[in-house]
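For the sequence shown, the numbering used here assigns the number 127 to the initial residue and increments by one for each residue that follows. Note sheet for the following structure.
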Amino acid sequence: MTAVSALRLSADPMTDEDLLRLVYGGGHRELVDGCLVITREVGHYTEGDLEDLPDDGRKHELLDGQVVVSPGGRPIHQRAVTRLVIVLDAVLPPELEVLAAPVDVHIPGPLPSKLLPDVIVVPTITIDTELVSRPVLAVEVLSPSTRRFDLGRKRAAYARYGIGIYLLVDPLVPSLTVLVLDGADYVETARGEGDALVQVGGPIGRELSAAQLVRH
């Protein structure tokens, strides 16, 4: 398989054929919008279990004790991530920095999570830092396969962990939505489509548009 075809495969939604062809260990497996969700028959999975999964170019996350395997990002997805990193890096104060996936966000609890947001803003790390602090902002770039998780269970996990701002970029509309933590959940404070400017609060303190993140 060529590098190009392997990249295309990793970005494709998973299918019933993948359930038969790929080896992801035991547990109950089901497809949810092109993502593979694996539930342990007894108990729950841990971060250590993720190390046993194959390195196949897909994203492997632990979400509330379940393993979620989702497709890799397509070029428009990566474009939005790259441009957002460039924009945020230019406006953040010295005590904060922007990092792109894969950077683990560990969320403790009875059912633990280890998630890989597309972009995070965290207190500036030192060269010997192994674990990042709690992000002040997390970004997910939506895709047909991950939309349900990004808008539902991952949103709930980020809120539970206390991440103050959650940005959602939909490259297909395109749109940019700003969610700000208010108590136990997020509230939408701004949303814009295309060239419409959206005010991103907190440490960002500037306006962004979805078009500038995804347009060629």
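Glycine residues also receive a C-beta, built at the ideal position from the N, C-alpha and C atoms. All of these numbers come straight from a predicted model, not from anything done at the bench.
Expected contact under 8 Å - CB spacing of residue i and residue j to nearest Å
i: SER259; j: VAL248; result: 5 Å
i: PRO201; j: VAL231; result: Contact flag wrong, Cβ pair sits at about 24 Å.
Residue i versus residue j - alpha carbon distance
i: ALA316; j: CYS161; result: 29 Å
i: THR141; j: GLY318; result: 33 Å
i: LYS240; j: HIS170; result: 13 Å
i: VAL211; j: VAL224; result: 6 Å
i: GLY183; j: GLU156; result: 19 Å
i: ILE164; j: ASP175; result: 11 Å
i: GLY153; j: PRO180; result: 16 Å
i: ILE291; j: VAL168; result: 35 Å
i: VAL340; j: ALA206; result: 5 Å
i: ARG279; j: PRO220; result: 32 Å
i: VAL213; j: GLY191; result: 34 Å
i: VAL324; j: VAL229; result: 26 Å
i: VAL306; j: GLU173; result: 28 Å
i: GLU266; j: LEU294; result: 5 Å
i: ASP215; j: GLN338; result: 15 Å
i: GLY320; j: GLY331; result: 20 Å
Three-state class that DSSP yields for residue i in the structure shown
i: ILE233; result: strand
i: GLU221; result: coil
i: PRO249; result: strand
i: ASP138; result: coil
i: ILE291; result: strand
i: THR208; result: helix
i: HIS154; result: strand
i: ASP308; result: strand
i: ILE202; result: helix
i: SER131; result: With a pLDDT of 33 at SER131, under the threshold of 50, the modelled position of this residue cannot be trusted; read the value that follows with caution. In this structure, SER131 counts as helix in the three-state DSSP scheme.
i: LEU241; result: strand
i: ASP296; result: strand
i: LEU189; result: strand
i: LEU214; result: helix
i: GLY331; result: coil
Buried/exposed call for residue i, threshold 16 Cβ in 10 Å
i: ASP296; result: buried
i: LEU298; result: exposed
i: GLU333; result: exposed
i: ALA310; result: exposed
i: THR208; result: exposed
i: THR250; result: exposed
i: PRO197; result: buried
Closest residue to residue i among the options (Cα-Cα distance)
i: PHE275; options: HIS170, LEU188, ASP175, GLY290; result: LEU188
i: PRO234; options: LEU157, LEU298, GLY320, ARG286; result: ARG286
i: PRO238; options: ALA282, LEU294, SER271, LEU302; result: ALA282
i: LYS185; options: GLY199, THR172, LEU302; result: GLY199
i: VAL195; options: LEU298, GLU177, GLY309, PRO201; result: GLU177
i: GLU314; options: ASP321, GLY320, VAL304; result: VAL304
i: LEU322; options: LEU277, ILE330, ARG332, ALA336; result: Note that residue 322 is Ala in the sequence shown here, rather than Leu. Checked all of LEU277, ILE330, ARG332, ALA336; the closest Cα to ALA322 is ALA336.
i: PRO300; options: LEU268, ILE330, VAL326, ASP190; result: LEU268
i: LEU302; options: LEU242, GLN204, VAL326; result: VAL326
i: LEU263; options: PRO329, VAL229, GLY320, ALA216; result: PRO329
i: VAL193; options: ALA226, ARG166, ILE289, LEU277; result: ARG166
i: ALA227; options: GLN204, GLY320, GLY288, PRO270; result: GLN204
i: ASP308; options: GLY288, ARG273, LEU294, ASP138; result: GLY288
i: ASP159; options: GLN338, LEU242, GLY320, ARG273; result: ARG273
i: ASP138; options: PRO243, PRO270, GLY331; result: PRO270
i: PRO243; options: ALA216, LEU222, GLY320, TYR284; result: TYR284
Beta carbon proximity, residue i to chain D, threshold 8 Å
i: GLY327; result: Protein chains in the displayed structure number just one, and chain D is not present.
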